[in-house]
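Read top to bottom, the protein sequences are chains A and B. The working numbering numbers the first residue of the first sequence as 47 and each following residue consecutively. The working numbering numbers the first residue of the second sequence as 47 and each following residue consecutively. Just so it is clear, CB atoms sit at the ideal spot from N, CA and C, and this is done for glycine as well. Treat the numbers as computed from the prediction; the structure is a model and nothing was measured. See below for the structure under consideration.
Protein chains: 2
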Amino acid sequence: MTDALVSDQRAQALGRELLVGVDVGGSKIAVLVVDGDLEIRGRLVVPTPIGNPDTAADHIAATVATALETARAGIERVAAVGVGVPGRVDPDNGVVSLAVNLGWQRLPLRDQLERRLGVPCAIENDVRAAAAGIRERRLLGEVEDFVYLSVGTGISAGVVLGGQLYRGTRGLAGEVGHIVVDADGPVCSCGLRGCLEMLASGPAIARLADDAIRSGRQSTLATCPTITAIDVHAAAATGDALAAEIVADAGRALARAIHGLVMTYDVERVIVGGGVAGAGRPFLASIETALDATRASSELAAEMLEPGIVELLPDGSDTGAWGAITVARSIDGSVDGQRRWSHAMP
Amino acid sequence: MTDALVSDQRAQALGRELLVGVDVGGSKIAVLVVDGDLEIRGRLVVPTPIGNPDTAADHIAATVATALETARAGIERVAAVGVGVPGRVDPDNGVVSLAVNLGWQRLPLRDQLERRLGVPCAIENDVRAAAAGIRERRLLGEVEDFVYLSVGTGISAGVVLGGQLYRGTRGLAGEVGHIVVDADGPVCSCGLRGCLEMLASGPAIARLADDAIRSGRQSTLATCPTITAIDVHAAAATGDALAAEIVADAGRALARAIHGLVMTYDVERVIVGGGVAGAGRPFLASIETALDATRASSELAAEMLEPGIVELLPDGSDTGAWGAITVARSIDGSVDGQRRWSHAMP
C-alpha cells in the first residue's frame, strides 16, 4: 500500500472532508470553508493587510483557524488548503517568487503553511486560480474557452482553453497588464510606455483624476479626500465631464485589449472582474461603448466580438476564495479515497 | 468489420502508401509526395495562380497528377491528400469559406477534390497547417508551445500549445494580422485603423516605398519597375535610407505583435516565416533591433523575450507543403491498417 493511500484512508477515517480556500489580497484576506458537496460551511473576511513576509504564514494560519471556528470545525477535519496570491507563483515548488503589492519575494509560502497547519497546502496566482474556479463552478455554463480579465490594482488574465487552465511555458500566460496599448502613453513601472495597466487599472484611473484636478480641471471629484476608481465611475454615471472622459478612455484601452485577446485566443467569452469591475454597469458600459465603435468599423471585428462576449462577473460571487478552493481540490491524494474531487486543476 | 477497416485493408492491399501535400498560394501551387517513412518521392511547384473557383479543383487535381508522375506513381498508390489554403477554412465540412487573395467564397473544395481524385482529402488554413507541420517534423526540437508567425501578403499565426494545434472557438486563433498596433495608423481593408497587416505585410512595405518615392523621397528603389518587400529589405541592407526606415518601422510593428503574443500565450518560441521572411537575416534583424529596445527598457519584457525566442524558418523547409502532408496524415482511417501515422493532428 502506498503512503498516499494510507494517508487517504487516514483522512477518510478522520473525516477530513473540508476544504479551505484563502484569497490573499492587498487589503484583506477572504477565507471560505466548504464540505465535500461544495456547500459553504464557514467564511471570513479580515480587512487587515498582511505585508510582512516573515509573519505572513502565521497571519494566514491564524485566519484559517478563525474561519474554521465559524464552521464549528477544527483543522483535523480539513483535507487541504488552497491559497490564491496576487503575484508570481510557482505552484510546483509552492514559492511566491514576487508579489509586488504585498512586498513579498521568494517566499516559500506553501511549506511554511504546511508546517503550521499540518495539512496539504497549494498556492497559485489569484487570477489564474479565479479563472479555474469560474470554470469549475460552471459560472459561464458550458463555455470551455474563456478569459477572466481582472481589473484592479493590477490587470491580468486567467486563461481557460478546452476547459483547462492554461498557464504557458513560464506560468505567465495572460500577463496582459503589460501589453503596450498606446506606444506614446505614460511610462509604466515595468519600464515600457503605455501598458494597459497605466491606462485602465484602479490606481491609473485615480491618478488621472487627481492629476486633472490638480491641473485645474473642474470636477465633483475635487471634494473626495482620496479619489478611487469606483469614485470616478460613480461621478461619470452622474454626468461629471472629467470623470466621464477618464472612464471612456479606460474603457477604450480595455476594449482594445479585449479585442486583442479575442483575436489571439479566439475565446468564446471574456469575463471581467476585479476591484474596478466593482463599479458595475458603468464599468461594463465603458467597455461596450468602445467595442461597439470597433464593431461598427470592421465586419471581422463584429463577427469576433459578438454581442454578449464580454460579461461582468456576478456580484458576490467570491471569485477569489472559490478559486482558492479549486486550488485546494487540485492537490492529489489529499482527498478521500473515492477521489470525489474529480475536476483536478491541471 | 467496419467500412473503415475494409477500406484500410484495401488500401494496404493496393499499396496505398503515399501521401500528397498541396500548398495553394496566390501565385503558385506546391506539391509534395511522400511515402510512409516521410521520405520525399516527388515534388512539383507550378508557378501559375489559380483564381477561378469553378476550375480550382480541376487545376489542383491536374497538378497532383503531374506531381505523382515525378514520383513515378499513380493516384491508386495515394492514401490521402492534404491541402493548405490561404484563407478561412472549416476542416470539418471541408469548405473554404473565404480566401480573399484567391477570390474564393464558400467553396466546397474537399468534396470537389475527393470526387476528382477518388481518395480521402482534407483541407486546412495554410498557416495553421504549417504550424502543425513544424511541430510534427520537430523543426524546433521538443518545443511544445510556439507560434508560427507568417508574414507575407497577409499576416497570421498558427498556434501550437502543449504540442497540439490550437484553433480556438471559431477556428480563428492567431488572426493577429488584424490586431491594432497603431490606433492612428492607416485604415485597413478590415475597417480598423493601424492593423499589423497595414504596417508590416509584403504589400504594406511595398506601398510605403511606392508612396514615399512618389512623394519625392530619394531611393535606389526608384529604379525598380515593381517594388516588392524583398526589394525594400535588399535596399535597406545596402544602406538605402528610405528602405532602412521602412524596414525598421515594419520590424517595430512585428516586434510589438510578438511581444503581445508572448505576453498572452507565454510561448517558448516564435518562428517567423512567409514571403517577407524570405528576405532572410535583414528581416529578422529588423525585429531583433526593436525587441532589443523593448528588452532594454523593461526587465519583465527582457525575461519574457529571452534571446533566441524569435527564430527564422530555415530556408527550403517547404513549410506549406509539409503542413499539407500533416493535414493528409490527420485523416482517420485513410492510412494503412497498422496506423503508422500516429501523430494525428487534433
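In this structure the segment 274-284 of chain A touches the segment 249-265 of chain A; the number of beta carbon pairs closer than 8 angstroms is three or more. Boundaries of the beta strand (DSSP E) around Arg89/A: Ile86 to Val92. Around the C-beta of Asp172/B, 16 or more other C-beta atoms lie within 10 Å, and the residue is accordingly described as buried. When DSSP states are grouped into helix, strand and coil, Ile317/B belongs to the strand group. Contact annotation: the segment 208-228 of chain A touches the segment 173-180 of chain A, with at least three C-beta pairs closer than 8 angstroms. For Arg263/A, no pairing in a beta bridge is given by DSSP. Under the Cβ distance rule, Ile225/A counts among the residues neighbouring chain B, one pair being separated by less than 7 angstroms. Beta-bridge annotation (DSSP): Asp136/B is paired with Val141/B. In this structure, DSSP gives Glu221/A a state outside helix and strand, which the three-state scheme calls coil. Secondary structure note for Ser343/B: its alpha helix (DSSP H) is the uninterrupted segment Arg327 to Ser343. Burial state of Leu84/A is exposed, judged by a 10 Å Cβ sphere holding fewer than 16 other Cβ atoms. For Met244/B, the nearest beta carbon of chain A is not closer than 7 angstroms to its own beta carbon. Leaving aside the five residues that flank Pro99/B on each side, the residues in its chain whose CB is nearer than 6 angstroms to its CB run, in chain order, Trp150 and Leu153. For Arg87/B, the closest of Gly164/B, Val226/B and Ala117/B by C-alpha to C-alpha distance is Ala117/B. Gly128/B: not part of any alpha helix (DSSP H); member of the beta strand (DSSP E) spanning Val124 to Val131, first to last residue. Contact annotation, Ala258/B with Gly240/B: C-beta distance approximately 18 angstroms; criterion of less than 8 angstroms not satisfied. Every unbroken stretch of the alpha helix (DSSP H) spanning 4 or more residues and falling wholly within the segment 224-280 of chain B is given here in chain order: 242-246 and 248-260. Ser343/A and Gly237/B have their alpha carbons spaced roughly 5 angstroms apart. From the listed residues Glu352/B, Val92/B and Glu291/B, the smallest Cα separation to Pro328/B is found for Glu291/B. Three or more beta-carbon pairs drawn from the segment 65-72 of chain B and the segment 117-132 of chain B are found closer than 8 angstroms, and the two stretches are therefore classed as touching. Beyond the five residues adjoining it in sequence on each side, Glu357/B comes within less than 8 angstroms, by CB distance, of Leu186, Arg315, Val316, Ile317 and Val318 in the same chain, given in chain order.
DSSP places Gly67/A within a strand segment (E or B) once states are collapsed to three.
Shown in chain order are the members of the segment 328-347 of chain B whose Cβ falls below 8 angstroms from a Cβ of chain A: Thr340, Ser343, Ser344, Glu345, Leu346 and Ala347.
CA-to-CA, the gap between Arg184/B and Thr284/A works out to about 59 angstroms.
According to the DSSP assignment, Leu78/A belongs to the beta strand (DSSP E) that extends over Ile75 to Val80. Chain order gives no chain A residues near Gly67/B, where near means a beta carbon separation below 9 angstroms; the closest approach is about 25 angstroms. Spatial neighbours of Ala282/B in its own chain (CB-CB distance under 7 angstroms, excluding positions within 5 residues in sequence) are listed in chain order as Ala289, Ala290, Val293 and Pro328. Against Val316/A, chain B offers no close residue; the least beta-carbon distance is about 12 angstroms (beta-carbon pairs closer than 7 angstroms).
With its beta carbon less than 7 angstroms from one in chain B, Tyr311/A belongs to the interface.
The Cβ atoms of Ala331/A and Thr340/A lie no closer than 7 angstroms to each other. Sequence-distant Cβ neighbours of Val92/A in its own chain, meaning closer than 7 angstroms and more than five residues away, are Lys74, Ile75 and Thr109. Short of 6 angstroms from the beta carbon of Arg263/B, and not among the five residues preceding or following it, lie these beta carbons of its own chain, in chain order: Leu288. Between Gly133/A and Asp338/B, the alpha-carbon positions lie close to 26 angstroms from each other.
Counting along the chain, Gly306/A sits inside the alpha helix (DSSP H) bounded by residues Ala287 to Tyr311. Chain-order list of chain A residues neighbouring Asp191/B: Gly214 and Thr215, by C-beta distance under 7 angstroms. Counting the other Cβ atoms within 10 Å of the Cβ of Thr199/A gives 16 or more, which makes it buried.
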